[in-house]
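According to the numbering used here, the sequence shown is numbered sequentially starting from -13. Okay, structure first, notes after.
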Amino acid sequence: MTDNDQSRKSILRRDFLRLSATLAGATAAGSLLSCAATEPSSPAARDQLLEQVRSTRLNYSRARAVPTICFGCTTHCGVIGWVEDGRVKLIEGNPLDPNSQGTICSKANGLISATEYPERLLYPMRRVGPRGSGRWKRISWDEALGEIADRLRPLRENGTPERFVFQYGRDKTKGFSKRFTDAFGTPNRLNRRSICSSSRRAPLMSFYGRDFEWESQDVENTQYVLNFGGNPMEAYQGGMFMRKRLMDAKVDRGAKLVTFEVRPTATASVSDEYFAVNPASDGAIALAMAHVIVREGLEDRDFWDRWSTWDFAEMSAHVASFTPEWAESESGIPAATIERLAKEFGAAAPACCTMSNRGSAKHYNGMQADRAIRMLDVLVGNVGKPGGFCLSTLRGWNNRYGQDGLPVLSQPAPKPASPSPWKPGTRQFETLAPEIQERVRNFPQMWQDKYFGELATPSEYPLSWHWYSMRVGQLVYPYIKEGRHKVDLYMSYTLGAAYGMPEANLAREVLADESLIPFHVAIDINYGEQASLADIVLPDATALERWDAHSNNNYGLRPYTGIRQPLVEPLGEARPAQIIWRDLARLIGGGMEQHFDFEDLEDYYREWYKNLPIDWETFKRDGIWYDDKRPLDYELYDRAVLPEHLVGAETDPDTGVLYQTKGGKRKAVGIMQDGRAVQGFPTPTRRIAVYDPIFPLAADHVGLSLDDGNASPIPTYHKVPEHKNLGVDDYILTTFKWNVHTQGRSAYWKHAAEIVHTNHAMMAPETAVRLGVVTGDEIDITTYRPKGVAYRANESDPVGTVRNRVRIIPGMHPRVIAQAHHAGHWEHGVVARGGDTAPSGGSSGMAANTPGRDELSRQIWWSKERGGTGGGVAINHVYPINAAPLVGGQSWFDNVCTVSRVDAV
Ligand SMILES: Nc1nc2c(c(=O)[nH]1)N[C@H]1C(S)=C(S)[C@@H](COP(=O)(O)OP(=O)(O)OC[C@H]3O[C@@H](n4cnc5c(=O)[nH]c(N)nc54)[C@H](O)[C@@H]3O)O[C@H]1N2
Ligand SMILES: Nc1nc2c(c(=O)[nH]1)N[C@H]1C(S)=C(S)[C@@H](COP(=O)(O)OP(=O)(O)OC[C@H]3O[C@@H](n4cnc5c(=O)[nH]c(N)nc54)[C@H](O)[C@@H]3O)O[C@H]1N2
Ligand code: SF4
Ligand SMILES: [Mo]
């Protein structure tokens, strides 16, 4: 190819991208139009339709462009909202964002749908019927906050603040809610990271240290990507940041993408090679690749010896037994293929990287699978190299990983102190069950110092809170049911547990039980399944109406930050959650109020960002601050230790690790390499902990057999116990995310629901033949409770059955049945319910008289009433609670199921 050809190709590619960006925008705007485009049967309806079209059309010359940060999914792209006549009309990408580089996906405009949804929550509401009955009355903010404060105050005054339990899903207030729970004094800040990514993050934090809980592969410059079960073209935390970079790397630079999956995703479709693997076998493939790399001498020995904690000879002996032939028998991928791919990966080093996500990690053996995958990067020495597995300073601007001269950004003072750990002798400790007290007493000091009771720090899962507060969200409800923790007031925020947790029926049962949860406050923007089980519902301002601080790891490999700012005033009486907590703190009093001494959220965030090298107005105008003068974050580990960390530092003569003692605490700050004091990695050894003794240590303390793969200090493979003796009629039930939807919260975004509104059970053609079904047939899927897992909600077997329709997908693994998340709602309004005006699991009575709802119902052309599919089926009651040992990550993709055809009568 000539230079000319090359540049023409890039130009064509650029034009294509520009065109597709325009089309993406147009699709979003177009869908707004199409919301209105329904059967203009009468002249009046037609006029109304035209008016609606006119009012949604954006007049660029009159509109104001305001940058903010998208909240459409976990990726958090910088976006620009076009505001006209007090409404946001269109959302586009912000080209100043170094992560998203000006791109957005179709979900971004869902923020407008969420804001303008006719059935949106606009007023505080108090339950009037039994909990869950759907009977509500509108109340004033004073009444709502007054009642909540009156219930909370005595808990604090009586010294039992822990009976206030706060659980969040996507909290992007970045520490504001913690300010509230800390000031209150409760350690029970719970999340649901374990059902999301904890088993994916733990291996990273073990290898590289807590500051690198997420990587930033240099996809832009890579030559080769080995992807184990990530779906960046449709989902993925940071998928948007990879999408354009991956396509540029592939099209402009001929990079190769190889994907291991169980179904043909969009990522698989743009991959050069896609393999449907046996479920939960990714770790076997990775170890066999390590075997080939070592056997062929493709490793970067110098990098390994310098940076890994594991002796090369011992590692070689370990991987020797994981042959490609063995991996073929585990994974179904031919040995010759594994061998070829390993050699290609090794040959591309250091411009190569691994990628993985829930597909590899959310299994009983997933934590070790990800450790095996991560080891491949260390072996070929691509870590921190151009085109390699890079680590940017996550929350770089907080400067936790010692970058030189970065502005320090932090919450305004006075910040409240965090609650104290529950140690033997404290009142809280003495309330624990004797066997739990015993376990905690036996913990090493480092865990005793972090123990805050069974909800926040479940003692059976010490690694869930060892590196970072990941918690074990799916156990919160069963633990409350078991009486492990007494709750007086439960507050949920951005959380859809009643719909999206595994065994969501158990979550609902506990949420509905007033003896277990006497009072439930839900802070939400929409009346979903979670809010339907509350006593008071508080309407939050949407992401287009509020402030939030922003932080992400940086795929542009330079520190950056952004700001979420209000584009429009909150509708109705909605209020930003921060204002809700401020006002509650003032009402509760007792000193809490001193941490909430601000009138305006803008003042609060201005103070937070006061050390940015640009002024506040410029920051608001750009929406993003990016330090483009800095060297890229390559080989951070090789940078000199900061001078302030060298003061009084001592070197351990055996390991070369540099320690500094500050305030009586000894901390590793760097490592000597070739006579230089360099930073290394923020792990205790300042090296990459490919060998990490924390796993057997944790196992030992919770009584997990050291034969269990989860207990291994080195990356290993162990078969999922319940997959060992699969019968011929057993299948594996999996689940996934659609590109146009986001979790449980987008089903009512009409443009998204028009594209995808159901969730058929997907299966390979050969599976359908075995079962004697064709697309559209009904089947019953029954799941069974996994044997031998650390926690079992109860011993009953099976878990449940879901009736769904078949959709045949060529290219799927024949053992796998896959059902998408997002569909099957019975709340979140009439769009989410696929036109069903009579919800099955409780009633959203509050919405019955919402203006515009009838019109909205008429527009749902996919409703069952009109012969369509309706809104799909709720599936989460059949996914068993299945917390893998130590880290507690939910094994979403291991479920053994049987399938039977529902014969037509
Ligand atoms: N469009 C969209 N984007 C999102 C989200 C969303 O809801 N919608 N949610 C965000 C969130 S919270 C998350 S956690 C991320 C999730 O991002 P991803 O992890 O990339 O996506 P998932 O769909 O959760 O699961 C990944 C894939 O694992 C596959 N899989 C199942 N079992 C196996 C296996 O044994 N081996 C392999 N190799 N693959 C397997 C499934 O088929 C599925 O496609 O996406 C984020 N981005
Ligand atoms: N079957 C199946 N289940 C899954 C998954 C799967 O792939 N398949 N994925 C799992 C994963 S990875 C995750 S992360 C979880 C997600 O589970 P959840 O954290 O429960 O996330 P959502 O379902 O998005 O629900 C969040 C709630 O937040 C509300 N909300 C949205 N925006 C705002 C806002 O701006 N302010 C406030 N206050 N509330 C808001 C929504 O209305 C909704 O009620 O689901 C898990 N469940
Ligand atoms: S990927 Fe997520 S954050 Fe980015 S534009 Fe789409 S919805 Fe918004
Ligand atoms: Mo997630």
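The beta carbon of each residue, even a glycine, is placed where N, CA and C say it ideally should be.
In this structure N696 does not touch A869 by the C-beta definition: roughly 11 Å separates them, more than the 8 Å allowed. In this structure, the straight-line span from the alpha carbon of S445 to that of G439 is close to 8 Å. In this structure, the alpha-carbon of N177 lies about 15 Å from that of L449.
For A654, the closest C-alpha among the options E621, R662, T641, D569 is that of T641.
Look at the beta carbons and you see the stretch 849 to 868 not touching the stretch 307 to 325: under three pairs across the two are nearer than 8 Å.
In the three-state scheme derived from DSSP, where H, G and I count as helix and E and B as strand, M111 is classed as strand.
In the structure shown, Q646 adopts extended strand secondary structure according to DSSP, grouped into three states.
Sorting R756, G730, A527 by C-alpha distance to the C-alpha of D715 places R756 at the top. Residues of the same chain with a CB within less than 6 Å of the CB of F214, apart from the 5 flanking positions on each side, are F246, D268, S342, S346, I359 in chain order. The nearest non-hydrogen atom of ligand 2 is less than 6 Å from the C-beta of D510.
At a Cβ-Cβ threshold of 7 Å, I867 and V788 do not count as neighbours. Ranked by Cα distance from M111, the options R494, H506, M798, S202 are led by H506.
About 6 Å separates the Cβ atoms of T54 and L553, confirming a contact at the 8 Å cut-off. Under DSSP, L212 takes part in a beta bridge, and its partners are V244, T340. Of the candidates T295, L587, Y46, Q423, T295 places its Cα closest to the Cα of I680. The way I'd put it, the stretch 508 to 527 does touch the stretch 479 to 492; three or more beta-carbon pairs between them come closer than 8 Å. The three-state secondary structure of P525, taken from DSSP, is strand. For C59, no pairing in a beta bridge is given by DSSP. In terms of Cβ geometry, M658 and T671 do not form a close pair [threshold 7 Å].
The DSSP-derived three-state label of Y465 is helix. Taking the C-beta atoms as reference points, Q209 is found no nearer than 7 Å to A254. In chain order, S180, P444, Y447, S450, A869, G874 place their CB closer than 6 Å to the CB of V458, counting only its own chain and leaving out the 5 sequence neighbours on each side.
The C-alpha of A221 lies about 13 Å from the C-alpha of S183. For Y437 against P407, the beta-carbon gap comes to about 5 Å, under 8 Å, which counts as contact.
Remark: the shortest separation between the CB of C376 and any heavy atom of ligand 3 does not fall under 6 Å.
A818 is positioned such that its CB atom lies no closer than 7 Å to that of Y717.
Here the alpha carbon of K164 sits roughly 14 Å from the alpha carbon of L570. For I680, no beta strand (DSSP E) encloses it; the enclosing alpha helix (DSSP H) starts and ends at 680 to 688.
In the structure shown, L76 adopts extended strand secondary structure according to DSSP, grouped into three states.
If the five residues before and after P400 are omitted, its C-beta is found closer than 7 Å to the C-beta atoms of Q580, H581, all from its own chain and listed in chain order. Proximity of the beta carbon of G215 to ligand 1 is indicated: a heavy atom of the ligand is located closer than 6 Å. When only Cα atoms are considered, G96 and V74 end up about 11 Å apart. Look at the stretch 111 to 153 and you find these whole runs of beta strand (DSSP E), each 3 residues long or longer: 111 to 113, 122 to 124. In the structure shown, P751 adopts helical secondary structure according to DSSP, grouped into three states.
Taking a cut-off of 8 Å on C-beta distances, the stretch 416 to 428 does not touch the stretch 132 to 142, as fewer than three cross pairs fall below it. In its chain, beyond the 5 residues on either side, W724, V726, H727, A806, H808, A809 have a beta carbon closer than 8 Å to the beta carbon of V742.
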